[in-house]
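Residue numbers (the numbering used here): 1195 to 1484. Each remark here refers to the structure printed beneath this line.
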Amino acid sequence: MITRTFLLVIAGALVLAGCASSPEPDHSSRYTLSQDRAPTGSFDASGLQDAKPRYEEPRRAGNKSPYNVWGKEYWVRESNDGYVQRGTASWYGEKFHGHNTSNGEVFDMYEMTAAHKSLRIPGYARVTNLDNGRSVIVRVNDRGPFHGDRLIDLSYAAAKKLGYQGRGTARVEVAAITVKPDGSMTLAGKPFPDAGAPVDAERLADPGTGNEALFVQLGSFSQRNPAEALMDRARRAVANPMRVREIETASGRFHRVQVGPFRDEDEALRTQSLLENQGFGQSILLTDTH
1195 MITRTFLLVI AGALVLAGCA SSPEPDHSSR YTLSQDRAPT GSFDASGLQD
1245 AKPRYEEPRR AGNKSPYNVW GKEYWVRESN DGYVQRGTAS WYGEKFHGHN
1295 TSNGEVFDMY EMTAAHKSLR IPGYARVTNL DNGRSVIVRV NDRGPFHGDR
1345 LIDLSYAAAK KLGYQGRGTA RVEVAAITVK PDGSMTLAGK PFPDAGAPVD
1395 AERLADPGTG NEALFVQLGS FSQRNPAEAL MDRARRAVAN PMRVREIETA
1445 SGRFHRVQVG PFRDEDEALR TQSLLENQGF GQSILLTDTH
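Written out as structure tokens, the structure is:
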């Protein structure tokens, strides 16, 4: 004979089973930054390479336009060519790691990827941290961020490479890289011969005059004292010439700590590697006025 108690136990088990097997919430609902987190342990992003732009056939996946998230409508651009905009970047990490992106790929927080509301995907963009001048190139393969007025969501790795993972957000410039079938590229609509060359926000704002040369830049500061302190540390590590280059830009005054100039890229890369082995893990190779 089936008792009332037995029926209640079965009903309770069914309820629990229903909760355990309930589907994941829709993709947009996972963009709640307060529920995300960085990976446990330490992750060294200093040697992480930028995404390598290449031509990819247009896809339908992830490019539905318009699309609706939380009752708001968004439109996808017909083309990424010429796109450049400044705004706030955030990042996403462990909460999304292993989930599908909007175009069906799997999100990996340790790769150089990003989410954007309107750029066609997959696509590429150079993202520059306007507070420290660092730049990365990312592959845009997801939609978001749908939180406030934020412009772009970078993977945790890309955010750490730009140096803002601890703060959560940064002021950035996003410039789309368009690759044509013949392999030629444009950056924000202008010819872009070398997508792998790091170019910082300060140089964009003030290209300078005179001869240009290769430098290894160790940091860029709004105040001169920390720049001088970093240069003193670098002088104890290598014997190369170095300088603190002060420059006025639209974003304010910056003090660049630079080692060089170098005669060629191989010499600069050897010095950069030596500096990284001495603990200067956030350096970038760039061209600046000599």
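Just so it is clear, CB atoms sit at the ideal spot from N, CA and C, and this is done for glycine as well.
For residue i, the three-state DSSP class (helix, strand or coil)
{"i": "Arg1418", "result": "helix"}
{"i": "Lys1246", "result": "coil"}
{"i": "Gln1359", "result": "coil"}
{"i": "Leu1469", "result": "helix"}
{"i": "Asp1376", "result": "coil"}
{"i": "Ala1353", "result": "helix"}
{"i": "Glu1251", "result": "coil"}
{"i": "Ala1433", "result": "coil"}
{"i": "Asp1275", "result": "coil"}
{"i": "His1221", "result": "Bear in mind that the predicted position of His1221 carries a pLDDT of just 43, short of 50, making it too unreliable to give a figure here."}
{"i": "Ala1382", "result": "coil"}
{"i": "Pro1427", "result": "Reading the sequence as shown, one finds Arg at residue 1427 and not Pro. Helix at Arg1427."}
{"i": "Thr1403", "result": "Interpretation of Thr1403 is limited by its pLDDT of 40, a score under 50 that renders its predicted location unreliable; the figure taken from the coordinates is listed afterwards. Coil, per DSSP."}
{"i": "Arg1439", "result": "strand"}
{"i": "Arg1333", "result": "strand"}
Beta-carbon contacts of residue i that lie in its chain and below 6 Å, excluding the five residues immediately before and after
{"i": "Tyr1304", "result": "Ala1351"}
{"i": "Asp1458", "result": "none"}
{"i": "His1310", "result": "Val1334 and Ile1346"}
Chain-order list of residues whose beta-carbon lies under 8 Å from that of residue i (same chain, five-residue window excluded)
{"i": "Ser1366", "result": "Here the sequence assigns Val to residue 1366, which means Ser is not the residue at that position. Closer than 8 Å at the Cβ level, and outside the excluded window around Val1366, lie Arg1280, Gly1281, Thr1282, Ala1283, Val1321, Thr1322, Asn1323, Leu1324, Leu1345, Ile1346 and Leu1356."}
{"i": "Lys1176", "result": "Nothing can be reported for residue 1176: it is not among the residues displayed for the chain, which extend from 1195 to 1484."}
{"i": "Arg1271", "result": "Tyr1277, Ser1312, Leu1313 and Arg1314"}
{"i": "Leu1436", "result": "Per the sequence shown, the amino acid found at residue 1436 is Met instead of Leu. Cβ neighbours of Met1436 beyond the five flanking positions: Met1425, Ala1428, Arg1429, Val1451, Gln1452, Val1453 and Gly1454."}
Residue span of the beta strand (DSSP E) that contains residue i, given as start and end
{"i": "Val1451", "result": "Gly1446 to Phe1456"}
{"i": "Lys1266", "result": "Lys1266 to Tyr1268"}
{"i": "Ala1319", "result": "Gly1317 to Asn1323"}
{"i": "Gly1281", "result": "Val1278 to Tyr1286"}
{"i": "Asn1326", "result": "Unbroken run through Asn1326: none, as it is neither H nor E."}
{"i": "Asp1482", "result": "Ile1478 to Thr1483"}
{"i": "Asn1257", "result": "Unbroken run through Asn1257: none, as it is neither H nor E."}
Cβ neighbour criterion (16 or more within 10 Å) applied to residue i
{"i": "Pro1455", "result": "buried"}
{"i": "His1484", "result": "exposed"}
{"i": "Asn1257", "result": "buried"}
{"i": "Arg1464", "result": "exposed"}
{"i": "Asn1262", "result": "exposed"}
{"i": "Ala1255", "result": "exposed"}
Contacts around residue i, its chain only, beta-carbon distance under 7 Å, and the 5 residues preceding and following it disregarded
{"i": "Gly1276", "result": "Ala1382 and Gly1383"}
{"i": "Ser1296", "result": "His1221, Gly1256, Ile1315, Asp1336 and Arg1337"}
Bridge-paired residues (DSSP) for residue i
{"i": "His1310", "result": "Ile1346"}
{"i": "Asn1294", "result": "Val1300"}
{"i": "Ala1364", "result": "Ala1283"}
{"i": "Ala1369", "result": "Val1278 and Arg1320"}
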